[in-house]
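Student:
Number of protein chains: 2
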Amino acid sequence: MSDHATGGASHAAPSAYAFPLLIKQLLLAPLRQSAGQEIVYRGEHRQTYAQLGERIGRLGSALARLGVAPGSVVAVADWDSHRYLESYFAVPMLGAVLMSVNVRLSPDQIAYTVDHCGAETLLINAEFLPLLAQIRSRLPQLRRVVLLSDTPVAELPDGTSHEYETLLAGGNPAHVFPDFDENTRATSFYTTGTTGMPKGVFFSHRQLVLHALGVLSALAVNPGGQNLHRGDVYMPITPMFHVHAWGMPYIATLLGVKQVYPGRYAPDLLLKLKTSEGVTFSHCVPTILQMLLDAPGSTDHDLGGWKMIIGGSALTPALARAALVRGIDVFTGYGMSETCPILALGQLRPGDPGQAAHAARSAAIAAGATPAEAATGAGAITDEEVARRARTGYAVPLADLRIVDPDLNDAAHDDRAQGEVVARTPWLTQGYLHAPDASNHLWAGGWLHTQDIGRVDATGSLQITDRIKDVIKSGGEWISSLDMEALITRHPAVAEAAVIAIPDAKWGERPLPLVVLKPGAECDAATLIAHLRACADAGEISRYAIPDTVRFLDALERTSVGKLNKKKLRDTVLAR
Amino acid sequence: MSDHATGGASHAAPSAYAFPLLIKQLLLAPLRQSAGQEIVYRGEHRQTYAQLGERIGRLGSALARLGVAPGSVVAVADWDSHRYLESYFAVPMLGAVLMSVNVRLSPDQIAYTVDHCGAETLLINAEFLPLLAQIRSRLPQLRRVVLLSDTPVAELPDGTSHEYETLLAGGNPAHVFPDFDENTRATSFYTTGTTGMPKGVFFSHRQLVLHALGVLSALAVNPGGQNLHRGDVYMPITPMFHVHAWGMPYIATLLGVKQVYPGRYAPDLLLKLKTSEGVTFSHCVPTILQMLLDAPGSTDHDLGGWKMIIGGSALTPALARAALVRGIDVFTGYGMSETCPILALGQLRPGDPGQAAHAARSAAIAAGATPAEAATGAGAITDEEVARRARTGYAVPLADLRIVDPDLNDAAHDDRAQGEVVARTPWLTQGYLHAPDASNHLWAGGWLHTQDIGRVDATGSLQITDRIKDVIKSGGEWISSLDMEALITRHPAVAEAAVIAIPDAKWGERPLPLVVLKPGAECDAATLIAHLRACADAGEISRYAIPDTVRFLDALERTSVGKLNKKKLRDTVLAR
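Heads up: the protein sequence lines correspond to chains A and B, in order. This note's numbering puts the first residue of the first sequence at 7, with every later residue one more than the last. This note's numbering puts the first residue of the second sequence at 7, with every later residue one more than the last.
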């Protein structure tokens, strides 16, 4: 290489340190500057960052002694815990690959994914030992099983070869982790579509470090709210087995804030921890937020000032408003398994609708008002604010998001023209494990295809309107199922809605809303169609999108990660 | 390479985009999301970010047409301007190297640096044409000279071959800048010691992008103050020819905030722009801050809420207090030319002395109080707060700072033990241009040697106490010249002070304070020695550090960048 292309390598001192981007570097600041800060597990176990650092050293050295070598895969099956956090660091810092097992998958799928990624080591919560017994014969590559238990274990249960705390007791707290190529694979996990077996995505040290810096920058620069700052208290409510809990454990650790790991999610425990530990920052899917709002005794908890990113599925305006009324500073995050995951954030920006109202509410709550009292007068919650928070939002730094036609031509940024969202960032999976066709499809034309349809306004704010496979094409026009679902759930009788396409001789496809009513509520198809006609009169939906009929169901089928399973819904409805 | 070491390259789609870290990527978010945001030059010229993007395209295409190729060096000699900002992007985005000329150097040194870096192209402010005429014969590699002028030019003056705005008018606003290796050199500039010719440092695209992300993260995560957020208005007061104006033009652009470029620094214009443009974030050396506070009419300006990083030399507690009284949210930044530059920031953190007082003052000022009124009661300025702001502070994310003995063993973090500060971060110059011995010395043992002496407390906060070459060794103990200077300037009669070592038969060295009194003030050596004895009684300085005498001077010699020139001061004093 020429001197120019190597940044002046010919002038570099032979001993100059080139500084690879490695996960261990994320620990530099917090271990020195936040050594006494707390990490809490279920309110029952507490440790400091200094202990986190020592336990990472112990875990790394113990795993290395067991034979975990660079490149070997360590699978973890656990609920959110301090132990999981330790594995987030220690496993990749050895040069090994952390594979987070999606414990919500079927036993078949779990066996497939653990074997497919080549895991030789499994760290497993005692709760999943019966599952392991069921699939053990299908894991021929597995050589050791480490038990994770909240209580001391007298003797190792069947199927396990080691116990986590015993291993750590014999480990070296000052273990020195080596340097290596920043492109070394650090993590891998599997993403479920609605068809076929799960597909494995993978991320390098460099990618995880850049995701942490890029996303932290985007979060932190927002004044007034929807941000993450020093002094916040972090609790994940997206599982650590799901896309690195959105990368937030890495970010929270880098920042040195107090962290709270809630184990298996139970609404009452989550609400209790929010109050007792002073949690101020979380992230979850809409279903969990709804559960937190609806849980028995939920209104006994003061949720004011809880900053919360909602992703995984669209945050509907109705849910956003319900959360705001309770004082939750709710906003949208956008991404997927393939994207590490965060691509965009729906923060209010200076001058945006609602920013002043949010400031007024925050000031009122700080002065002792209840969230409901704060949401009056200058703090009133307007439709504009709700819409802004429910909007997909702005690409984070270094994220290149476009909306394009099938030939990769850009759609106009007029908030009307739609296109597929394609992405380039420094933190996208470069393919799927052992799946070259799917990898080529994902990266067709050199852009990662999200399979989401969206529109962009003149300020660069993205609004996802549909999934490519869910979009409804009626009379040559696209109808957004997500937009229509948001409008239907605005009706007071509706609990949830899914809009699917049904074949139509004249129009090609027509939209069919599948609706679940709230308990005890009554409503008929004509009423909902009239409701949507009023929306069309107000310009919120196209007239051709008004459905001809509505189907009422008792429940909507969802995938293992809580997303509407539209394929199954379509199959079920069309089979009738 | 194995599949492991390449992050799963064997699973990567051939068309997957690896996303090199390039300066052009910093423009992705702001050009889309802040297209209408303003960039102001001296209050006279205004352009939007959209125009910035177009002008970068025009400049890049025009330079390429002139023959600026990848690897060639483009030198810029200008005061802080929108044009300089455009060159910060367009030149490196071509794959060429931006060399920022330190126009405060002597003509001899300027000729040396421009020729030494191999500049073929020079962009030069009309003001410096007489200088160019003087040194032109010593620049045999220079092939073209582009005039930068605030006013239209009828014909090209002698010595120039092109004019900037004319070039841009013929350029392509949609020029597509290529991808290349992120380790390509992007910038280079020269750092002056107090001996010998300036030495050239150099930084790659990757380094500048990582500096921007790391420093922005550190700045943005601080709640309440000493931060940079959306909605801020940025104005540099460290020149753009000095270490990329601390990298802040890249950071401010990435963030999409309003930017104000003040041209040549004049205190009255800086104060006027602060008020008229609503500037909220700046950075400068202590000397400039002092000038702003002392300028005629300065007190007519409301400086409340102006966040300001002070670096280059130590921020003394006395100056920090004087700035706080005026409402300036002043804090320390630490770094040097070799480090891109930022390594650490002296922000107040949650729970730190002064954070609550700062919050009280901010609230009072927001409610209409003057800075002086706000600095009473709960907002009173304590010595603890002043000391915290004047402290060197905390390493930013990914910065590995140690204090070590000559064998690279760590000194204790007890805020007493001292050692040389050595560093590793992803943004350190890997050597000096054409100077292998100096490069090896800089990177001895694989750590960048800052030649600063410091101590670290148990929370990881660094305090620089001296330069290695300025530290005073008396009776086997180190005496910090910086600590003593801070204590001396606390005396109301003192304007500034420099403490140097003088040889002593008994003790090896003894400290000698050189003191400049405030205009009209009277004070003698005995008074200052008594003042320091009182400091020793209070435990603020060692008893053996109390000087035997004091020398009064009319002024203190400084280097071209405003630092005390202790070598010259020593030579002068010892020669008498």
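Ideal Cβ positions, reconstructed from N, Cα and C, are used throughout, including at glycine. Just so you know, these numbers come straight off a predicted model, no measurement behind them.
Considering only the beta carbon of each residue, do LEU138(A) and GLY165(A) sit closer than 8 Å?
Tutor: It is a contact, given that the beta carbons lie within the stated cut-off.
Student: Establish whether the CB of GLN43(B) and some CB of chain A are separated by less than 8 Å.
Tutor: GLN43(B) does not count as touching chain A.
Student: Relative to the C-alpha of VAL109(A), which candidate in TRP85(A), ALA423(A) and LEU91(A) has its C-alpha closest?
Tutor: Nearest option by C-alpha distance: TRP85(A).
Student: Please report the distance separating the alpha-carbon of ALA11(A) from that of GLU188(B).
Tutor: With a pLDDT of 42 at ALA11(A), under the threshold of 50, the predicted position of this residue should be treated as unreliable, and no value is reported.
Student: Would DSSP call ASN131(B) helix, strand or coil?
Tutor: ASN131(B): strand per DSSP, three-state reduction.
Student: 8 Å is my cut-off, CB to CB: does HIS217(A) come that close to chain B?
Tutor: No, HIS217(A) lies away from the interface with chain B (no Cβ there is under 8 Å from its Cβ).
Student: List the endpoints of the continuous beta strand (DSSP E) containing SER3(A).
Tutor: Since the first residue shown for chain A is 7 and the last is 582, residue 3(A) is missing from the structure and cannot be characterised.
Student: Considering only the alpha carbon of each residue, which of LEU28(A), GLY59(A), ILE29(A) and THR431(A) lies closest to GLN43(A)?
Tutor: When only C-alpha atoms are compared, the closest one is GLY59(A).
Student: Given this structure, state the Cα-to-Cα distance separating GLY317(A) from PRO292(A), to the nearest angstrom.
Tutor: Computed Cα separation, rounded: 7 Å.
Student: Please state whether DSSP places THR119(B) in a helix, a strand or coil.
Tutor: Looking at THR119(B) - three-state DSSP - the assignment turns out to be helix.
Student: Apart from the five residues on each side of it in sequence, which residues of its chain come closer than 8 Å, Cβ to Cβ, to GLY14(B)?
Tutor: Confidence at GLY14(B) is low in this model, with a pLDDT of 49, below 50, so its placement is unreliable and the value that follows should be read with caution. Hits under 8 Å: none found.
Student: If you run the structure through DSSP and keep just helix, strand and coil, what is PHE25(B)?
Tutor: PHE25(B): coil per DSSP, three-state reduction.
Student: Just curious, the beta strand (DSSP E) that ILE485(B) is in, first and last residue?
Tutor: Start and end: 483–485.
Student: Which residue from VAL207(A), LEU295(A), THR281(A) and GLY237(A) puts its Cα closest to that of THR244(A)?
Tutor: Closest by alpha carbon: LEU295(A).
Student: Mind checking whether the beta-carbon of PRO255(B) lies closer than 7 Å to any heavy atom of the ligand COA?
Tutor: Here there are no bound small molecules, and the ligand COA is not part of this structure.
Student: Within 10 angstroms of its Cβ, does ARG461(B) collect 16 or more other Cβ (buried), or is it exposed?
Tutor: Buried.
Student: Taking the straight line between their C-alpha atoms, what separation do you get for VAL402(B) and ALA224(B)?
Tutor: Near 6 Å, if we compare the C-alpha coordinates of ALA224(B) and VAL402(B).
Student: Express the C-alpha separation of SER67(A) and ALA649(A) in angstroms, rounding to a whole number.
Tutor: In the structure as shown, chain A begins at 7 and stops at 582. Residue 649(A) is therefore absent and cannot be evaluated.
Student: Strictly under 8 Å for the Cβ-Cβ distance: is VAL80(B) near chain A by that measure?
Tutor: By this cut-off, VAL80(B) is not an interface position.
Student: Can you give the Cα-Cα distance for SER21(B) and ALA429(A), rounded to whole angstroms?
Tutor: Those two C-alpha atoms are separated by around 13 Å.
Student: Taking Cβ-Cβ distances below 9 Å as the criterion, which residues of the region 445–467 of chain A are in contact with chain B?
Tutor: Within the region 445–467 of chain A, the qualifying residues are SER445, ASN446, HIS447, LEU448, TRP449, ALA450, GLY451, GLY452, TRP453, LEU454, VAL462, ALA464, THR465, GLY466 and SER467.
Student: Suppose only complete runs of 3+ residues qualify. What are the beta strand (DSSP E) ranges in the region 464–544 of chain A, listed by chain order?
Tutor: Here the runs fully enclosed are 468–473, 478–480, 483–485, 500–510 and 514–523.
Student: Going by DSSP in three states, ASP86(A) sits in which element: helix, strand or coil?
Tutor: In this structure, ASP86(A) counts as strand in the three-state DSSP scheme.
Student: Going by C-alpha distance, which of MET246(B), LYS475(B), GLY466(B) and GLU515(B) is nearest TYR196(B)?
Tutor: Closest option to TYR196(B), Cα to Cα, is MET246(B).
Student: Give the single residue among LEU309(B), GLY310(B), LYS313(B) and GLY339(B) whose Cα lies nearest to the Cα of THR322(B).
Tutor: Among LEU309(B), GLY310(B), LYS313(B) and GLY339(B), the Cα nearest to that of THR322(B) is on GLY339(B).
Student: Per DSSP, which one or two residues make a beta bridge with GLU44(B)?
Tutor: According to DSSP, which records beta bridges pairwise, GLU44(B) is partnered with THR54(B).
Student: With 8 Å set as the bound, which would you pick, yes or no: does the beta-carbon of TYR400(A) sit closer than that to a beta-carbon of chain B?
Tutor: Cβ-Cβ to chain B under 8 Å: yes for TYR400(A).
Student: Does any residue of chain A bring its CB to less than 8 Å from the CB of HIS537(B)?
Tutor: Closer than 8 Å: no.
Student: Are the Cβ atoms of HIS307(B) and THR281(B) separated by less than 8 Å?
Tutor: Against a cut-off of 8 Å, the Cβ pair of THR281(B) and HIS307(B) comes out as a contact.
Student: Just to confirm my understanding: we take VAL331(A), look at its own chain, exclude 5 residues before and 5 after, and list those with CB closer than 8 Å. What are they?
Tutor: Contacts found: PRO377, ALA378, ALA381 and ILE387.
Student: Could you work out which residues of chain A lie near HIS440(B), taking near to mean beta carbons separated by less than 9 Å?
Tutor: What HIS440(B) touches in chain A: HIS17.
Student: Just to confirm, is the Cβ distance from ILE547(A) to LEU493(A) under 8 Å?
Tutor: Yes; because the gap between Cβ atoms is below 8 Å, this pair is in contact.
Student: May I have a chain-ordered list of the beta strand (DSSP E) segments no shorter than 3 residues that lie completely inside the region 173–244 of chain A?
Tutor: Fully enclosed beta strand (DSSP E) runs of 3 or longer: 191–197 and 205–210.
Student: So for PHE558(B), helix, strand or coil by DSSP?
Tutor: In this structure, PHE558(B) counts as strand in the three-state DSSP scheme.
Student: Mapping the DSSP letters down to three states, classify SER8(B) as helix, strand or coil.
Tutor: Bear in mind that the predicted position of SER8(B) carries a pLDDT of just 40, short of 50, making it unreliable; the figure below should be weighed with that in mind. Three-state result, SER8(B): coil.
Student: Is it true that the CB of ASP421(B) sits closer than 8 Å to the CB of ASP476(B)?
Tutor: Not closer than 8 Å, so no.
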